[in-house]
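Trainee: First, the structure itself, so that you have it in front of you.
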Amino acid sequence: MTTPFTGSDQSPQDTGELRVFISTRESRCDECGEDLGPRAWIFLAGERGALCLTCADLDHLVFLPAGDAALTRRARKYSTLAAVVLKWSRSRERYERQGLLVEEPALDRAEAECLSDAEARTRRRDRAAARRAELDAAFVTEFAERIRQLFPGCPPRRPEQIAAHARQKYSGRVGRSAAAKRLDEQAVQLAVAAHVRHRETDYDELLVRGAERREARERVRAQVEGVLARCRRT
Numbered sequence: 007m008t009t010p011f012t013g014s015d016q017s018p019q020d021t022g023e024l025r026v027f028i029s030t031r032e033s034r035c036d037e038c039g040e041d042l043g044p045r046a047w048i049f050l051a052g053e054r055g056a057l058c059l060t061c062a063d064l065d066h067l068v069f070l071p072a073g074d075a076a077l078t079r080r081a082r083k084y085s086t087l088a089a090v091v092l093k094w095s096r097s098r099e100r101y102e103r104q105g106l107l108v109e110e111p112a113l114d115r116a117e118a119e120c121l122s123d124a125e126a127r128t129r130r131r132d133r134a135a136a137r138r139a140e141l142d143a144a145f146v147t148e149f150a151e152r153i154r155q156l157f158p159g160c161p162p163r164r165p166e167q168i169a170a171h172a173r174q175k176y177s178g179r180v181g182r183s184a185a186a187k188r189l190d191e192q193a194v195q196l197a198v199a200a201h202v203r204h205r206e207t208d209y210d211e212l213l214v215r216g217a218e219r220r221e222a223r224e225r226v227r228a229q230v231e232g233v234l235a236r237c238r239r240t
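FYI, the numbering for the sequence shown is 7 to 240, going by my numbering.
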């Protein structure tokens, strides 16, 4: 008889779980005598020896590969009979889980529940995204109104443009800061100044021509301050 587990291929310490091993060498079932070839799925049945899944009465189970913890947990919960599938890793010198053998109805039920959960998670994400959009829209409105208070001479619709630009997600702009969320006067002024610098001076052209950022800002400072002073007047 050929057994698939000798030498370093010893089964792991018993933890009460049924185990099926993926053989690493040619093997044969000790009960039916069938040659199973390499990489056979074997169940160790004590004195009965190494059995194929049919002789072990496990051939009605279906294989669920590892990787989805929620699906595995639920399938195991609903399956009256289950077995862990293990394979010896030569590089790591230990057995590693490949997945689980479970009853097909249990897997069907687990998949249905996980699919329902996925839909629920999608709905929650959609609601959260809608809420964030509402909050951002409200913030832009409040930010624009604050700009009008501080700069009453600002051209029409310009405050909304500045507020929306400053609020862009992942931008790192001043509108994303805690101070801006409090509608802090300095944060609002910085956002307006940045808008003026880019839109009403040659600041960007200076950068393109190779000027250092600090140098370019200094060269347009008077222009920016002049525009801000006019916008502060009604």
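Where a beta carbon is used, it is the ideal one built from N, C-alpha and C, also for glycine. Keep in mind it's a predicted model, so treat the numbers as computed, not measured.
Using a 10 Å radius around the Cβ and a threshold of 16 neighbouring Cβ atoms, would you call G181 buried or exposed?
Mentor: Taking the first residue of the sequence shown as position 1, residue 181 is located at position 175. Only weak support is given to the placement of G181: the predicted model assigns it a pLDDT of 46, under 50, and the question is left unresolved by the model.
Trainee: Quick one: Cα of C120 to Cα of L77, how far?
Mentor: Residue mapping note: residue 120 aligns to position 114 of the sequence shown, counting from 1. Residue mapping note: residue 77 aligns to position 71 of the sequence shown, counting from 1. Each residue's alpha carbon lies about 6 Å from the other.
Trainee: Which residues share a DSSP beta bridge with F49?
Mentor: Taking the first residue of the sequence shown as position 1, residue 49 is located at position 43. Partner(s): L57.
Trainee: Judging by CA-CA distance, which residue of P162, R137 and A170 is the nearest neighbour of T147?
Mentor: Along the sequence shown, read from residue 1 onward, the residue named residue 147 stands at position 141. Comparing Cα positions, the closest option is A170.
Trainee: By Cβ distance, which residues of its chain are closer than 8 Å to F217, with the 5 residues on each side in sequence left out?
Mentor: On the sequence shown, position 211 is the one that residue 217 refers to. The question names Phe, but residue 217 in the sequence shown is Ala. Taken in chain order, the residues that qualify are R225.
Trainee: If we ignore side chains and look at the alpha-carbon of each, how far apart do L59 and R129 end up?
Mentor: For the purposes of this step, residue 59 is taken as the residue at position 53 of the sequence shown. For the purposes of this step, residue 129 is taken as the residue at position 123 of the sequence shown. Roughly 42 Å between the two C-alpha positions.
Trainee: Taking the alpha helix (DSSP H) that A81 falls in, what are its first and last residues?
Mentor: Sequence index remark: in the sequence shown, residue 81 carries index 75 (1-based). Counting along the chain, the alpha helix (DSSP H) containing A81 begins and ends at A75 to Y84.
Trainee: Rounded to whole angstroms, what's the CA-CA distance from S29 to A134? Just pull it up for me.
Mentor: Position 23 of the sequence shown, counted from the first residue, corresponds to residue 29. Position 128 of the sequence shown, counted from the first residue, corresponds to residue 134. Their Cα atoms are separated by approximately 49 Å.
Trainee: Count the other CB atoms, across all protein chains shown, that sit within 10 Å of the CB of P165; report buried if there are 16 or more and exposed otherwise.
Mentor: Residue mapping note: residue 165 aligns to position 159 of the sequence shown, counting from 1. Under this definition P165 is a buried residue.
Trainee: Looking at C42: is its Cβ nearer than 8 Å to the Cβ of R54?
Mentor: For the purposes of this step, residue 42 is identified with residue 36 of the sequence shown, where counting begins at 1. For the purposes of this step, residue 54 is identified with residue 48 of the sequence shown, where counting begins at 1. The displayed chain sequence assigns Leu, not Cys, to residue 42. Taking 8 Å as the Cβ cut-off, L42 and R54 do not qualify as a contacting pair.
Trainee: Quick one: what does DSSP say R98 is sitting in, helix, strand or coil?
Mentor: Taking the sequence shown and counting its residues from 1, one reaches residue 98 at position 92. If DSSP states are grouped into helix, strand and coil, R98 belongs with coil.
Trainee: Whose C-alpha, out of L106, Q155, L213 and L70, is nearest the C-alpha of V198?
Mentor: The residue you call residue 198 lines up with position 192 of the sequence shown. The shortest Cα separation from V198 among L106, Q155, L213 and L70 belongs to Q155.
Trainee: Measuring straight from C-alpha to C-alpha, what distance separates A124 and A136?
Mentor: For the purposes of this step, residue 124 is identified with residue 118 of the sequence shown, where counting begins at 1. For the purposes of this step, residue 136 is identified with residue 130 of the sequence shown, where counting begins at 1. Distance between the alpha carbons of A124 and A136: 18 Å.
Trainee: Which value, in whole angstroms, describes the spacing of the CA atoms of A62 and R115?
Mentor: Residue numbering aside, residue 62 sits at position 56 when the sequence shown is read from its first letter. Residue numbering aside, residue 115 sits at position 109 when the sequence shown is read from its first letter. So the alpha carbons of these two residues sit roughly 25 Å apart.
Trainee: Using C-beta distances below 6 Å, list every residue in its chain close to A222, excluding the 5 sequence neighbours before and after it, in chain order.
Mentor: Your numbering for residue 222 matches position 216 in the sequence shown. So the list reads Y209, L212 and L213, once near-sequence residues are dropped.
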